[in-house]
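Scroll down for the structure; my scribbles are underneath it.
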Amino acid sequence: MKKIKLPLTKEKVLGLKAGDMVSLTGEIYTARDAAHLRIWESLNKGEEIPFDLENTVIYYLGPSPAREGKVIGSAGPTTSSRMDKYTPALLEKGLKGMIGKGRRSAEVIQGMKEHKAVYFAAVGGAGALLSKRIKSSEVIAYDDLGTEAVRKLYVEDFPAIVVIDCAGNNLYER
Amino acid sequence: MREINVNLITEKVKELCIAANYDLSEDVKAALNKAHESEQNELGKNILSQLQENLQLAKEEMIPICQDTGMAVVFLEIGQEVYFTGGFLEDAIQEGVRQGYQEGYLRKSVVGDPLLRVNTGDNTPAVIHYSIVPGEQVKITVAPKGFGSENMSRIFMLKPADGAQGVKDAVLQAVKDAGPNACPPMMIGVGIGGTFEKCAQLAKEALTLKLDERHPSSHIAQMEEELLEEINRLDIGPAGLGGTTTCLGIRIKTYATHIAGLPVAVNICCHVNRHESVEI
């Protein structure tokens, strides 16, 4: 198990290989379908986006609501391929890591190789278990989107597997 | 004739929405435990034990098993002697879903218009399937369906000449295409026969059948067995990272069809195959 402290710099990305089990500690941001669309539209118009993408990790997550006194509800990954259309533009702006599940498009993998980024999978369907590794959660943008709002999370020892590394090696293509 | 106030329907639908999202049925849990014992891949075994731990935690700490608490699919089997009072039945069902998703801390995952995509904020409307049966009972089943797996489901309009092998090939193709996207290990409901929409509904209903039972017709029961074995040889494995557990169970429902057709629907579900029923 490789312990990684965020932010995810290029040097850290270069040290990761497909198949590595990692645990992530630090700040990450959530964004899924609707948030990706808004970020992508803003980037296309040259407008500000809610957070700096440089050396950032995005978690493809729409959590269930938190109970009173809890940080977050169930919090597992959603299917990454729905974000494929928008991802190359985010990689260009410095996005270094994505946490999700399932396959990525050739365009995304090409972008990851070009800009040195890594794709992690978290275990789909283990949302209760994964929620325990999230220590804080704050909506920072697009509150109107409900579960699809952008949240800043602080995660501690968040478990993931490197599925596609920055050389394009892909654990799903065995 | 028996009168049933629709407030009772609201109450039951609410309870079923919550119950389904925090615990799975015994047959699903048994299949997961069995898979954990037999899994040959070390990483796969590790992932299956995380899923077992996740189920335990969900129940103990009341955290939904999966953050995708689904679009609510509601099946109502209504005895033809029943007379509903106190309001419109469909409103009562939607109100039950609304209350269940609010009071149960469940995710609101429904957008009102499929293209404008504004979240309705209360997880309504549910998809409702009514059927009229003999008697004076009402059976309600709530099956919240997550879309990671729903998106990987398929319909094939096969030719009669494709036969049983064509059906099996179609199912295997759908499973391969789903691969790591549908959160394997999967559960699979297959509908064979009927019309375009009928086979899709059969496939959905098949997901609510018990995994440890088999189709009453021996050739279909045999197909369930064979497909389970063949799918588990695909080496997709838990989380799509390899292993002998790709599918925890497959059930098939069949219906009569047209002389020219062989419709097949494959409804894919992850291990969080949620369905809760009550009879009133």
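Same order as they appear, the protein sequences are chains A and B. Counting in the working numbering, the first sequence runs from 4 upward without gaps. Counting in the working numbering, the second sequence runs from 6 upward without gaps. Glycine included, every Cβ here is placed at the ideal spot set by N, Cα and C. Note that this is a predicted model, so its numbers are computed, not measured.
For my contact list, residue i and residue j are in at a C-beta cut-off of 8 Å; report their separation, rounded to the angstrom.
i                : j                : result
Val158 (chain A) : Thr28 (chain A)  : 7 Å
Leu207 (chain B) : Tyr135 (chain B) : In fact, because the Cβ distance is near 16 Å, the residues do not count as touching under 8 Å.
Gly151 (chain B) : Asp73 (chain B)  : 4 Å
Ala131 (chain B) : Thr15 (chain B)  : Not a contact, Cβ separation roughly 12 Å.
Pro80 (chain A)  : Lys96 (chain A)  : The pair is not a contact, with the Cβ atoms about 22 Å apart (cut-off 8 Å).
Val183 (chain A) : Ala125 (chain A) : Residue 183 (chain A) is absent from the structure shown; chain A starts at 4 and stops at 177.
Ala36 (chain B)  : Leu53 (chain B)  : Not really, about 11 Å apart at Cβ, beyond 8 Å.
Ala78 (chain A)  : Leu62 (chain B)  : Not really, about 12 Å apart at Cβ, beyond 8 Å.
Pro10 (chain A)  : Thr82 (chain A)  : Not really, about 25 Å apart at Cβ, beyond 8 Å.
Ser282 (chain B) : Ile70 (chain B)  : No, Ser282 (chain B) and Ile70 (chain B) are not in contact; Cβ-Cβ is about 18 Å, not under 8 Å.
Asn5 (chain B)   : Leu232 (chain B) : The structure shown does not extend to residue 5 (chain B), since chain B spans only 6 to 285, so no value can be given for it.
Ala21 (chain A)  : Asp168 (chain A) : 5 Å
Ile137 (chain A) : Phe123 (chain A) : Between Phe123 (chain A) and Ile137 (chain A) the Cβ distance is about 15 Å, and since that is not below 8 Å, they are no contact.
Arg107 (chain A) : Gly247 (chain B) : About 18 Å separates the two Cβ atoms, so there is no contact after all.
With distances taken from CA atoms, which of the options is nearest residue i?
i                : options                                   : result
Tyr63 (chain A)  : A:Arg136, A:Gly127 and A:Asn173           : A:Gly127
Asn289 (chain B) : B:Ala166, B:Thr90 and B:Glu281            : The question about residue 289 (chain B) has no answer, for chain B in this structure spans 6 to 285.
Gly168 (chain B) : B:Gly101, B:Val269 and B:Pro119           : B:Val269
Met115 (chain A) : A:Lys5, A:Leu19, A:Val142 and A:Ile75     : A:Leu19
Ile7 (chain A)   : A:Phe161, A:Ile167, A:Tyr175 and A:Glu176 : A:Phe161
Val79 (chain B)  : B:Asn128, B:Leu267, B:His224 and B:Gly140 : B:Asn128
Met86 (chain A)  : A:Arg41, A:Gly72 and A:Asp23              : A:Arg41
Ala152 (chain A) : A:Val16, A:Glu14 and A:Ala38              : A:Ala38
Asp28 (chain B)  : B:Met6, B:Lys17 and B:Glu58               : B:Glu58
Glu234 (chain B) : B:Leu267, B:Arg103, B:Val172 and B:Thr249 : B:Thr249
Arg154 (chain A) : A:Leu148, A:Ala163 and A:Ser140           : A:Ser140
Gln55 (chain B)  : A:Ile137, A:Asn173 and A:Leu133           : A:Leu133
Thr33 (chain A)  : A:Gly149, A:Asp168, A:Asn172 and A:Ile167 : A:Gly149
Pro66 (chain A)  : A:Val60, A:Tyr145, A:Leu94 and A:Ile75    : A:Ile75
Gln142 (chain B) : B:Ile133, B:Ile83 and B:His224            : B:Ile83
Arg7 (chain B)   : B:Cys22, B:Val18 and B:Val87              : B:Val87
Pro139 (chain B) : B:Lys113, B:Gln85 and B:Ala148            : B:Gln85
Gly49 (chain B)  : B:Arg122, B:Asn124, B:Cys252 and B:Ser114 : B:Cys252
Lys48 (chain A)  : A:Glu14, A:Tyr175, A:Asp168 and A:Ala92   : A:Ala92
Pro149 (chain B) : B:Ile70, B:Ala25 and B:Glu20              : B:Ala25
Ala183 (chain B) : B:Val172, B:Gly245, B:Gly254 and B:Leu232 : B:Gly245
Ala144 (chain A) : A:Ile137, A:Leu156, A:Lys135 and A:Lys138 : A:Leu156
Glu66 (chain B)  : B:Lys181, B:Tyr110, B:Thr125 and B:His224 : B:Tyr110
Lys258 (chain B) : B:Asn124, B:Gly101 and B:Lys203           : B:Lys203
Gly75 (chain B)  : B:Ile285, B:Cys275 and B:Val283           : B:Cys275
Ile264 (chain B) : B:Ala175, B:Pro165 and B:Glu281           : B:Pro165
Phe161 (chain B) : B:Leu177, B:Leu120, B:Lys19 and B:Gln107  : B:Leu177
Glu57 (chain A)  : A:Asn172, A:Lys119 and A:Arg106           : A:Lys119
Lys73 (chain A)  : A:Glu110, A:Phe123 and A:Lys135           : A:Lys135
Leu163 (chain B) : B:Ser154, B:Gly153 and B:Asp174           : B:Asp174
Leu216 (chain B) : B:Ile133, B:Lys17 and B:Ser30             : B:Ser30
Lys94 (chain A)  : A:Ala69, A:Val121 and A:Glu71             : Note on identity: in this sequence residue 94 (chain A) is Leu, with Lys being the wrong assignment. Of the candidates A:Ala69, A:Val121 and A:Glu71, the one whose C-alpha sits nearest the C-alpha of Leu94 (chain A) is A:Val121.
Glu71 (chain A)  : B:Leu94, B:Gln99 and B:Glu108             : B:Glu108
Gly280 (chain B) : B:Ser154, B:Gly117 and B:Ile23            : A quick correction: the sequence has His, not Gly, at residue 280 (chain B). Minimum Cα distance to His280 (chain B) is reached at B:Ile23.
Tyr88 (chain A)  : A:Ile61, A:Ala109 and A:Pro68             : It is Lys, not Tyr, that sits at residue 88 (chain A) in the sequence shown. Looking at the Cα atoms, A:Ala109 is the closest of the given residues.
Gly266 (chain B) : B:Pro221, B:His224, B:Asn186 and B:Val172 : B:Val172
Val123 (chain B) : A:Glu30, A:Lys5 and A:Asp36               : A:Asp36
Glu284 (chain B) : B:Val147, B:Leu121 and B:Gln99            : B:Val147
Across which residues does DSSP place residue i in a beta bridge pair?
i                : result
Asn10 (chain B)  : B:Thr90
Ser190 (chain A) : Residue coverage of chain A in this structure runs from 4 to 177, which leaves residue 190 (chain A) outside it and unanswerable.
Thr262 (chain B) : B:Gly199
Met192 (chain B) : B:Gly254 and B:Cys274
Leu81 (chain B)  : B:Tyr135 and B:Ile145
Tyr32 (chain A)  : A:Ile61 and A:Lys155
Met76 (chain B)  : B:Lys150
Pro295 (chain B) : Because chain B here runs from 6 to 285, residue 295 (chain B) falls outside it and cannot be looked at.
Ala163 (chain A) : A:Val25
Thr150 (chain A) : Thr150 (chain A) is not bridged to any residue.
Glu284 (chain B) : B:Lys144
Asn173 (chain A) : A:Ile167
Thr82 (chain A)  : A:Lys104
Asn124 (chain B) : B:Val116
Relative to the ligand COA, is the shortest distance from any of its heavy atoms to the C-beta of residue i smaller than 7 Å?
i                : result
Gly194 (chain B) : For the ligand COA, the structure offers nothing, since it holds no ligand at all.
Residue ranges of each alpha helix (DSSP H) run of no fewer than 4 residues wholly in the segment 5-30 of chain A, ordered along the chain? Segments of the alpha helix (DSSP H) lying fully in the segment 5-30 of chain A: 13-17.
I want to know whether the segment 267-281 of chain B touches the segment 182-197 of chain B - three or more CB-CB distances under 8 Å. Yes: the two stretches touch, three or more of their Cβ pairs being nearer than 8 Å.
Between the segment 31-50 of chain B and the segment 111-125 of chain A, do three or more beta carbon pairs fall short of 8 Å? No: the two stretches stay apart, fewer than three of their Cβ pairs being nearer than 8 Å.
With three or more C-beta pairs closer than 8 Å as the rule, is the segment 237-253 of chain B touching the segment 179-190 of chain B? Using a C-beta cut-off of 8 Å, the segment 179-190 of chain B makes contact with the segment 237-253 of chain B, since at least three inter-stretch Cβ pairs fall below that distance.
To test your reading of the DSSP string, which unbroken alpha helix (DSSP H) runs of 4 or more residues are found completely within the segment 91-145 of chain A? Runs found: 109-118 and 130-134.
So within the segment 37-68 of chain B, which uninterrupted alpha helix (DSSP H) runs reach at least 4 residues, ignoring any that extend past its ends? The segment 37-68 of chain B contains these whole alpha helix (DSSP H) runs: 47-66.
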